[in-house]
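Here the structure is laid out as structure tokens; the discussion comes afterwards.
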Amino acid sequence: MIQLKPGIPPASLKGISEPAARRKNTGQKRKNTGLHFERVFSNAAVAPFDQIEWERRTAEITDDSGKIIFKQEDVEVPKSWSALATKIAVSKYFYGDIANGTDPYKGGRETSVRQLIHRVTRTITDCGIADGYFADAEAAEIFYDELTWLCLNQHGAFNSPVWFNVGLYHQYGVGKDGGAGNYFYNRETGKAERALSQYEYPQGSACFIQSVDDTMEDIMRLAMSEAMLFKYGSGTGTDLSSLRSTREKLSGGGKPSGPLSFLKVYDQVANVVKSGGKTRRAAKMNTLKDWHPRGRSLSKATTAVTTAMRTAR
């Protein structure tokens, strides 16, 4: 039987819950001026998951030769969803290892779109409750129902990092003993701090723009930063015009490697670190200003790659 973890009880709107203790001051200020919502799509008398028809399917993906590279049987999906939507949701966004069974609370794999959507929308709603965003309990539940309905009926969808990360900690307890996680803004200290556990402050943004200074330390720092963003399913881009070209000199003698050499390193990081741990290459973008001494070389390299891709097709 599929179990969906209930949300934060309405009583929490009158007293900030334990996980949000660090945010109590902000929550109290917003308590009386929170958001109100009206139902547009959902029905107060029927839960969003009970408003549609469901069916059991097998999600299977094969390569060009017909070899099966992914398969999960007996998954529950909305009857209105296409086969492609089923394959993407099940193969990319379902959490857990099927070898551990079908109970995600014990490390097993999700088997229903109910679990996937509830994991995300319930967690977002609960975080809103904990931070005092809603005017009352009714407003919070309307928000949950409306957001759930929109996702369930494909009127809207989150980006990949949201489906990858949101709710893993709050619903299944994933990452509690997995080492340090992402940075978050601590309202009590007024500083950005690193979470003691992974997924407690999930990475939900799809794209990041980063900078790099013309030092070896920062060049390598960028590689590590990109790898961590790729780990949680996001993409990243950086303008490398700040790096000196091979025509310039180093203070200790010799010549610098130049931005194109380091671009190869960054490209390999994106190639090796699977986006969100799934079977896809991480999204990576780099730019170089046209006034940069190596700008023309990058242009030629880009043209060569484009030509090779067209030839391969």
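With numbering that gives the first Met the number 0, letter number 40 in the sequence shown gets 39, and the count goes up by one each step, no holes. By construction, the Cβ of each residue, glycine as well, lies at the ideal position given by its N, Cα and C atoms. All figures in this text were calculated on a predicted structure; none of them were measured in a lab.
Segment limits, alpha helix (DSSP H) that includes Thr110
Careful: Thr110 lies outside any alpha helix (DSSP H) and carries neither H nor E.
Item to complete: To the nearest angstrom, report how far apart Ile1 and Tyr184 are at their CA atoms.
Response: C-alpha of Ile1 to C-alpha of Tyr184: approximately 35 Å in a straight line.
| Which two residues bound the contiguous beta strand (DSSP E) that contains Thr235? | 234-238
Can you give me the Cβ contacts of Ala282 inside the same chain, cut-off strictly under 6 Å, excluding the 5 residues immediately before and after it? Within the same chain, and ignoring the five residues on either side of Ala282 in sequence, the residues whose Cβ sits closer than 6 Å to its Cβ are Gly234.
Query - Check whether Phe69 and Glu59 have beta carbons under 9 Å apart - result: yes
With DSSP as the reference, label Pro53 as helix, strand or coil. A small correction: the amino acid at residue 53 is Trp; Pro does not occupy that position in the sequence shown. Correct three-state label for Trp53: strand.
task: Give me the Cβ distance between Gln353 and Lys277, rounded to the nearest whole Å; I'm assuming they're in contact under 8 Å.
output: The question about residue 353 has no answer, for the chain in this structure spans 0 to 312.
| task | Measure the beta-carbon distance from Phe157 to Val119 and round it to whole angstroms, keeping in mind my assumption that it falls under 8 Å. | result | 7 Å
Where Gln267 sits in the DSSP three-state scheme | helix
Quiz prompt | Status (buried if at least 16 other CB within 10 Å, exposed otherwise) for Ser212 | solution = As written in the sequence, residue 212 is Asp, which differs from the Ser given in the question. Under this definition Asp212 is an exposed residue.
- At what residues does the alpha helix (DSSP H) containing Phe163 begin and finish? 159-164
So, under 8 Å CB-CB, Gly174 and Tyr198 are touching, yes? Tell me the CB distance rounded to an integer number of Å.
Contact between Gly174 and Tyr198 is confirmed by a C-beta separation of about 4 Å, below the 8 Å threshold.
TODO: Taking Tyr168 as part of the alpha helix (DSSP H), name the residues at either end of that continuous run.
DONE: Here the alpha helix (DSSP H) through Tyr168 covers 167-171.
**Request:** Can you tell me which of Gly236, Arg108, Gly275 puts its alpha carbon nearest to the alpha carbon of Leu287?
**Result:** Gly236
Beta-carbon contacts of Ala205 that lie in its chain and below 7 Å, excluding the five residues immediately before and after: Asn158, Ser159, Pro160, Ser233, Gly234
| message | For Pro77, list the residues DSSP reports as bridge partners. | response | Note: Pro77 sits in a beta bridge opposite Trp53.
Through-space distance from Leu34 to Ala134, alpha-carbon basis:
5 Å
Item to complete: Evaluate His96 with the Cβ neighbour count: other Cβ atoms within 10 Å of its Cβ, from every protein chain shown; 16 or more gives buried, anything less gives exposed.
Response: Reading the sequence as shown, one finds Asp at residue 96 and not His. So Asp96 counts as exposed.
Is Leu221 near Trp162, with beta carbons less than 9 Å apart? A distance of 9 Å or more separates the beta carbons of Leu221 and Trp162.
>> Would Ala84 and Val76 qualify as a contact pair, given that the criterion is a beta-carbon distance under 9 Å?
In response: yes
* Asked: Excluding sequence positions up to five away, which residues of its chain have a Cβ less than 7 Å from the Cβ of Tyr182?
  -> Ala191, Glu192, Arg193
Q) Nearest CA to the CA of Gly251: which residue from Gly275, Ser90, Thr214? A) Thr214
Candidates Leu228, Arg56, Asn285, of which the one nearest Ser241 by Cα
Asn285
*If you follow the alpha helix (DSSP H) that Thr286 is part of, which residue opens it and which one closes it?*
Looking at the DSSP string, Thr286 is not in any alpha helix (DSSP H); the run it does join, the beta strand (DSSP E), is 283-286.
key: Outcome for His291 when other beta-carbon atoms lying within 10 angstroms are tallied against a minimum of 16   = buried
Just list the residues that DSSP pairs Tyr92 with in beta bridges. In the DSSP secondary-structure assignment, Tyr92 is not bridged to any residue.
Just list the residues that DSSP pairs Thr61 with in beta bridges. Ile67
Count the other C-beta atoms from every protein chain shown that fall within 10 angstroms of the C-beta of Gly6, then say buried if there are 16 or more, exposed otherwise. buried
inquiry  = Quick check for students: name the residue ranges of the beta strand (DSSP E) that lie wholly in the segment 169-211, counting only runs of 3 or more.
reply    = 182-185, 190-193, 206-209
Cross-strand partners of Phe48 (DSSP beta bridge): The partner list for Phe48 (beta bridge, DSSP) is empty, contrary to what the question assumes.
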